[in-house]
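Asks: Submitted below is the structure of interest, expressed as structure tokens.
2 protein chains.
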Amino acid sequence: MKVHNFSAGPSILPDFTVEKTAEAIKNFAGTTLSLMEVSHRSKEFVAVMDEAIAMFKELLSIPEGYSVLFLGGGASTQFCMIPYNLMAKKSAYLNTGAWANKAQKEAKLFGEVVEVASSKETVYNYIPKGYVVPADADYFHITTNNTIYGTEIKEDMDCDIPLVADMSSDIFSRPIDVSKYALIYGGAQKNLAPAGVTFVIVKNEILGKVDRQIPTMLNYQTHIDGESMFNTPPVVPVFAALQTLKWIKEQGGVSAIQKMNEEKAALLYNEIDSNPMFKGTVINKEDRSLMNICFVMNDEYKELEKDFYEFATSKGMSGIKGHRSVGGFRASTYNALPKASVQALVDCMQEFKSTHVK
Amino acid sequence: MKVHNFSAGPSILPDFTVEKTAEAIKNFAGTTLSLMEVSHRSKEFVAVMDEAIAMFKELLSIPEGYSVLFLGGGASTQFCMIPYNLMAKKSAYLNTGAWANKAQKEAKLFGEVVEVASSKETVYNYIPKGYVVPADADYFHITTNNTIYGTEIKEDMDCDIPLVADMSSDIFSRPIDVSKYALIYGGAQKNLAPAGVTFVIVKNEILGKVDRQIPTMLNYQTHIDGESMFNTPPVVPVFAALQTLKWIKEQGGVSAIQKMNEEKAALLYNEIDSNPMFKGTVINKEDRSLMNICFVMNDEYKELEKDFYEFATSKGMSGIKGHRSVGGFRASTYNALPKASVQALVDCMQEFKSTHVK
């Protein structure tokens, strides 16, 4: 029995991506060599990189004047690259979770950081609104989806200063208006590829405005000039990302993906809201993530949490344990998760209710 | 026909590594999930990371007091991490090639850099000797193998100050006395794994001696404390690295590997030295690399260079074009390259001679 993969990340990828990558690991593009052992300068791999960048631009309708980069080092490295490259004196951050908090902490090494709002005191169970972004900050940083807490900023916001977004866990889950952002980045290991590659979409004109000397590898301009080939790129993750992009296109693009994500999320949130044993952890329904659905047992059933976890696991649910800071359960419903997996989890919840609720 | 893979990097890996990785991409450790889509915190992947670190230590006989790290970002990121972490005021570099030069250039962002010697003026065709390392430098940086030029420092040197070595292209090619080094690092894509993971062997006591604030991801201590799991590691390359380490052990360890490398190199260097059509590019034989064997056509046969390239390619030799700065040919004979591939190249050289030399 293949398990239902609800892991928060690394997480489920399309079968197409898995199959094509396994094939290429054995024999890449007819070279008789493994994808792991061909030169990144070979015409076969250069074609992969070029196509991955082109499809990234096509699927997200990225306007002229933006570059798409594939880098190593994870989104965590971006936490320092962003202020290194963009922060002359001051930046603004919205604190919506542990990762947003880490990004903000890192920026403090480079200058003044204004936290415009935070939901930390209530374990990040909502997205703050009504805050003021300082007009003299060099950029405003947001984390669009907060994996641990199940909150998401699902609309592209208007911002008077350059907007920087960590979209590690919701990229390609919906259409985005890239023109509203100065920079979008994320680790690939949720909706795109295995861990080991980080994507960056950067508006070229925002670069070159800080005085500090930037180490070569931390300078976005290095990678723009080198077309993500300044040094050897992570070839396997880039290849896998291309397969996922092809799969997204085959599904009908990000609008079709969004519709599927909304259906999957509605199915599970409806069960959470109607099943007397469970409740969602996010206090405002409009802040609920379509990617990570967090729920706990209602107080009167609290002692059955371990039982439900074991029951669901026995039925093939994998990776549904909530993060330790929230507790309970987290079902990550990334693009590649089939609706059938969500239905299987809902079936578990209903069966568990029928056994325990009189 | 499977080609003979002489690529300089990414480069040939053991069939064992290729097969085991392809299997795990489909079904990792019996989880029914792909290696690409399992949590890096799963017990199955934690076991991979732990075993990779343990085998690294075992195969290189790494003494107590050193940490082994698997990081993203490539060796190029190490060029700035090293001075960030180790250079209080001054460092010393040996300039033996383009990569050594890049490392040195990066260090200049952090303080005074002394170039102790350089072979740049003769396109790096030898390893300088008899230089003096300043006693007051914080460390001395060397590049043990220079992929582009085919030179190699094949013995562990004694150094009165902390010795830092880029071993990207000769790690695991011979036993090394790790105790003579403060830090050894390298991209994995030559003798170890696909591109996307960088290994670092660091003596713990050399850290914590600089005053500057170090960005979290650039701080070695972060990754020591996090046991290479501070952020999501590049899971596929780490898994592949473990398979290669198992293969090295199966071959009899690095001493056995060294013997095979010496035999392969002797076979090809003998042909280069005895065949009137060819000559080696490295001026001192003791500096010749066992990993990258660079040669050109003798002056009277210079116009046949393209012909030989095409002839060898037609016989299945892949990746033998020399780097543009050296010209001619480069046969990379990394650990996983079978002796039969070297023999096939030697056969090409002999057949070409019998056709063209009267």
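From first to last, the protein sequence lines stand for chains A and B. Numbering (numbering that gives the first Met the number 0) for the first sequence: 0 to 357. Numbering (numbering that gives the first Met the number 0) for the second sequence: 0 to 357. For each residue, glycine too, the CB sits at the ideal point set by N, CA and C. All figures in this text were calculated on a predicted structure; none of them were measured in a lab.
Is it the case that the Cβ atoms of residue 242 of chain A and residue 19 of chain A are separated by a distance below 7 Å?
Replies: yes
Asks: By how many angstroms is the C-alpha of residue 262 of chain A removed from the C-alpha of residue 337 of chain A?
Replies: 11 Å
Asks: Starting from the beta carbon of residue 105 of chain B, find every residue of chain A whose beta carbon is closer than 7 Å, and list them in chain order.
Replies: 214, 215
Asks: If you draw a straight line from the alpha carbon of residue 170 of chain A to that of residue 12 of chain A, how long is it in whole angstroms?
Replies: One Cα belongs to residue 170 of chain A, the other to residue 12 of chain A, and the distance between them is close to 14 Å.
Asks: Does the pairing of the segment 232-249 of chain B with the segment 232-240 of chain A give three or more beta-carbon distances under 8 Å?
Replies: yes
Asks: Are the C-beta of residue 36 of chain B and some C-beta of chain A separated by less than 7 Å?
Replies: yes
Asks: Taking Cβ positions only, does residue 10 of chain B come closer than 7 Å to chain A?
Replies: Yes, residue 10 of chain B counts as interfacial toward chain A.
Asks: Report the residue from B:64, B:322, B:191, B:326 whose alpha carbon sits nearest the alpha carbon of residue 296 of chain B.
Replies: For residue 296 of chain B, the nearest C-alpha among the options comes from B:326.
Asks: Counting C-beta neighbours from all protein chains within 10 Å, is the total for residue 77 of chain A 16 or more, i.e. buried, or is it exposed?
Replies: Residue environment: residue 77 of chain A is assigned as buried (16 or more neighbouring CB atoms within 10 Å of its CB, all protein chains considered).
Asks: In this structure, does DSSP put residue 80 of chain B in helix, strand or coil?
Replies: For residue 80 of chain B, the secondary structure class from DSSP, reduced to helix, strand or coil, is helix.
Asks: Under 7 Å, CB to CB, which of the residues in the segment 142-155 of chain B have a partner in chain A?
Replies: none
Asks: Please work out which residues of its chain come closer than 6 Å, Cβ to Cβ, to residue 283 of chain B, disregarding the five sequence neighbours upstream and downstream, and give them in chain order.
Replies: 125
Asks: Relative to the C-alpha of residue 278 of chain A, which candidate in A:189, A:68, A:293 has its C-alpha closest?
Replies: A:293
Asks: Looking at residue 64 of chain B and residue 269 of chain B, is the spacing between their C-beta atoms short of 7 Å?
Replies: no
Asks: Straight-line CA distance for residue 318 of chain B to residue 188 of chain A?
Replies: 32 Å
Asks: For the beta strand (DSSP E) containing residue 114 of chain A, list its first residue and its last residue.
Replies: 111-117
Asks: Anything in the segment 45-58 of chain A with a Cβ closer than 9 Å to a Cβ of chain B? List those residues in chain order, please.
Replies: Taken residue by residue, none of the segment 45-58 of chain A has a beta-carbon sitting less than 9 Å from a beta-carbon on chain B.
Asks: From residue 290 of chain B to residue 220 of chain A, what does the alpha carbon distance come to, in whole angstroms?
Replies: 33 Å
Asks: If I follow the unbroken beta strand (DSSP E) through residue 68 of chain A, where does it start and stop?
Replies: 65-70
Asks: Return the residue from the list B:87, B:168, B:138, B:315 that minimises the CA-CA distance to residue 147 of chain B.
Replies: B:168
Asks: How is the beta strand (DSSP E) around residue 90 of chain B delimited, first residue to last?
Replies: 89-94
Asks: Mind checking residue 323 of chain B: buried by the 16 CB within 10 Å criterion, or exposed?
Replies: exposed
Asks: With DSSP as the reference, label residue 303 of chain A as helix, strand or coil.
Replies: DSSP places residue 303 of chain A within a helical segment (H, G or I) once states are collapsed to three.
Asks: By DSSP, does residue 294 of chain B sit in helix, in strand, or in coil?
Replies: strand
Asks: Between which two residues does the alpha helix (DSSP H) containing residue 16 of chain A stretch?
Replies: 14-25
Asks: Is the distance from the Cβ of residue 173 of chain A to the Cβ of residue 250 of chain A below 7 Å?
Replies: no
Asks: Kindly indicate the opening and closing residues of the beta strand (DSSP E) around residue 279 of chain A.
Replies: 277-279
Asks: Chain A partners of residue 33 of chain B, CB-CB under 7 Å?
Replies: 12, 17
Asks: Just list the beta strand (DSSP E) runs in the segment 241-286 of chain B, keeping only unbroken ones of 3 residues or longer that don't cross its boundaries, in chain order.
Replies: The qualifying runs are 277-279.
Asks: When the Cα atoms are used, what is the spatial distance from residue 36 of chain B to residue 68 of chain A?
Replies: 22 Å
Asks: Assuming residue 45 of chain A is part of the alpha helix (DSSP H), what are its boundary residues?
Replies: 42-58
Asks: Taking DSSP's pairing of strands, which residues face residue 309 of chain A in a bridge?
Replies: None, per the DSSP bridge assignment.
Asks: Starting from residue 329 of chain B, follow its DSSP beta bridges and name the residues at the other end.
Replies: B:293
Asks: Looking at C-alpha atoms only, which residue of A:5, A:44, A:211 is the closest neighbour of residue 334 of chain A?
Replies: A:5
Asks: Let me know if residue 305 of chain A comes out buried or exposed under the rule of 16 or more other beta-carbons within 10 Å of its beta-carbon.
Replies: exposed
Asks: Identify the contact partners of residue 188 of chain B in chain A, using a Cβ-Cβ distance below 9 Å as the criterion.
Replies: The contacting residues are 35, 36, 39, 231, 234.
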